[in-house]
Amino acid sequence: AMIGGIFWRGGTRVGALTGLLVGFAIWIYTSLLPSFGPDVVLRSTLLEQGPFGIGWLRPQALFGIKGIDPTVHAVLWSLLLNTSGFILGSLISFPKPLERLQGAQFVNVFAHSGHAHGWSGSAAQSEDLMVMAQRILGGPEAQKLFRREAQNQGHDRYLPEPTPDFLQRVEREMSASVGAATAHAMISQLVGGASVSVQDLMAVADESAQMLEYSNQLEAKSSELLDTARQLRDVNAKLTQISVQKDAFLSQISHELRTPMTSIRSFSEILRDGNELKPTEQTKYASIIHVEAIRLTRLLDDLLDLSVLENGQVSLNSARGTLADVIGHAVTTTQAGAAKSIKIDMSGLDPEIELHTDLDRLAQVFINLISNAQKYCKSSEPELSISALKTENVICVFFTDNGLPIPIETHALIFEKFSRINDQDGSGAGLGLAICREIMVRLGGGIDYVTFEGGNRFEVRIPN
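Heads up, the numbering used here is the position in the sequence shown plus 1, with the first residue counted as 1.
Encoded structure:
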């Protein structure tokens, strides 16, 4: 196998391994194992009759050849089968480009030009160099390089003379793509004569192009990883902001719970110990306890409602009705006893739009949106416009007020359960819009805040 690899360019790594393994196995079978004697490693029957009684496979009379020295016998068959395995393995396998380049360094080594490394006395053809450079550098870059060199040499044609300076320049350009050693080896084979054909070099060039393509794929994957890392940073920033909102929520909810409980406790103690209170005072204190109890109940209801919705334990009661009736009920509910009035325009509603959904839950969403407009609209003449648009698959309801727009930096947190649109306005613990989102998800629709010039707009989508 070693001698064949030196003198035969068609030899391959597979052929060499096959020859070595076969030759080594034959040497062990015909020389090493029988040398231990009968019944030590090999049974005496195998030595005398061969495996399975096949006489021509006896270790020391392989293929029926007997009567010669055992050492000569082993050497003969190991070399013969080693050579046969090398030839057959090389014929059935195809050498890789690197194997062809390495083989070219040994086969016909004395026929190579002794001046190849200095790029002098070159027999390289410009056409071959152009083809190889196009495979490595790409068509436009290679043509630009050759055209510029031809102009420097004073030629009108595109192909320059393969001078030593030009060969060095081509090698430097190719080194950036395939490495200095590979570029030098490829140029040296063209310069050195016919030991490596242009087709072999093209195969190497194709492999280099595949390596470049793989490198580009790695760069694309790296870019994707950078995008993923950026997204993770954004998510982490949002989670950090949500954590801050949660801390604020816990502080707010503690305050919201403590305030009515303190009032209820204080005024109940006054009623218990105040034997001389007038009836009007008793009624006043009892009313305060009643209002604070309602406030506390509403807060606990919101927390329980949100928990039930998030856990998917809510049961929906679908019914038929009109959109106008549901919105009318919500408007009436919010205006009754409201501390702040707002002008509501429902002229954009189609009274014929029918719904088939949980009307009570949908009304809860509308009530929350109208209440928020009443609380947070800071216009001198607050107005709320309610309109609807019906398509084949969805009904969109728009709630548009003329208040100050919600800051852009808080848009991503509008529907988070620990978020409040404005900490300085109104009461509440920032649960309303989170409840609205969960309700619309359970109804198969959605709710979004839409950037609107001159005010705020919420879009509620109801499945049609």
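Just so it is clear, CB atoms sit at the ideal spot from N, CA and C, and this is done for glycine as well.
- Query: Since T358 contacts L444 with CB under 8 Å, what's their CB separation in whole angstroms?
  - Reply: 5 Å
- Query: If you follow the beta strand (DSSP E) that K344 is part of, which residue opens it and which one closes it?
  - Reply: K344 to G349 is the span of the beta strand (DSSP E), which, as asked, contains K344.
- Query: Should L370 and F453 be called a contact, given that it needs their Cβ atoms to be closer than 8 Å?
  - Reply: no
- Item | Coarse secondary structure for K391, derived from DSSP in three states | DSSP places K391 in strand when its eight states are reduced to three.
- Where D449 falls: helix, strand or coil (DSSP): strand
- Where the beta strand (DSSP E) containing K323 begins and where it ends: Checking the displayed sequence, the identity of residue 323 turns out to be Thr instead of Lys. That run of the beta strand (DSSP E) goes A320 to T323.
- Item | Candidates T263, L21, P261 and L160, of which the one nearest F147 by Cα | L160
- Short check: CB of A389 to CB of V395, under 8 Å? no
- Check H256 in the structure and name its three-state DSSP category. helix
- Query: Do the region 374-384 and the region 341-352 meet, that is, are 3 or more Cβ pairs less than 8 Å apart?
  - Reply: Taking a cut-off of 8 Å for Cβ pairs, the region 374-384 and the region 341-352 touch, as three or more such pairs fall below it.
- What's the call for M131, buried or exposed, on a 16-neighbour Cβ count within 10 Å? buried
- Query: Which of the three DSSP states, helix, strand or coil, is assigned to S123?
  - Reply: Its pLDDT being 43, under 50, S123 is placed unreliably by the model, and the measurement read from it follows with that caveat. If DSSP states are grouped into helix, strand and coil, S123 belongs with coil.
- Residue burial classification, A195 (beta-carbon count within 10 angstroms, cutoff 16): The predicted position of A195 is uncertain, since its pLDDT is 42 and thus under 50; a value taken from the coordinates is nonetheless stated next. Its Cβ having fewer than 16 others within 10 Å, A195 is exposed.
- Boundaries of the alpha helix (DSSP H) in which V179 is found, first to last residue: P165 to V179
- Thinking just about the alpha-carbon of each residue, which of P464, P163, R158 and I289 is nearest to the one in L363? When only C-alpha atoms are compared, the closest one is P464.
- Message: Tell me whether the region 235-248 and the region 272-287 touch, counting them as touching only if at least three CB pairs, one residue from each stretch, are closer than 8 Å.
- Response: no
- Would I368 pass as a contact of A331 if the rule is Cβ separation under 8 Å? yes
- Quick one: grab the DSSP three-state call for I371. helix
- Task: Would you mind reading off the limits of the alpha helix (DSSP H) that contains V23?
- Result: R14 to W28
- Item | For I271 and V451, the rounded distance between their alpha carbons | 50 Å
- Item | T284: first and last residue of the uninterrupted beta strand (DSSP E) it sits in | Unbroken run through T284 is the alpha helix (DSSP H), P280 to E311; no beta strand (DSSP E).
- Query: DSSP three-state call for N237: helix, strand or coil?
  - Reply: helix
- Is I463 helix, strand or coil by DSSP? strand
- Using the C-alpha atoms, what's the distance from E439 back to V309? 10 Å
- Measuring CA to CA, which of Q232, G456, E382 and G446 is closest to I409? G456
- Query: Given a threshold of 16 other Cβ atoms within 10 Å of its Cβ, counted over all protein chains shown, does I188 qualify as buried or as exposed?
  - Reply: With 16 or more Cβ atoms within 10 Å of its Cβ, I188 is classed as buried.
- Pull up the distance between the alpha-carbon of Q211 and that of L21, whole angstroms please. 32 Å
- Item | One or two residues paired with C397 in a DSSP bridge | L390 and R462
- Query: DSSP on V197, reduced to helix/strand/coil?
  - Reply: Model confidence at V197 stands at a pLDDT of 49, short of 50, so the residue's coordinates are unreliable; what they give is reported in the following sentence. Reduced to three states, the DSSP call for V197 is coil.
- Residues near Q283 in its chain [Cβ-Cβ closer than 7 Å; skip 5 each side]: Around Q283: L272.
- Indicate the three-state DSSP secondary structure (helix, strand or coil) for E270 in the structure shown. Residue state, collapsed to three classes: helix.
- According to the Cβ coordinates, are E417 and Q232 closer than 8 Å? no
- Query: Nearest-angstrom Cα distance between R173 and H74?
  - Reply: 56 Å
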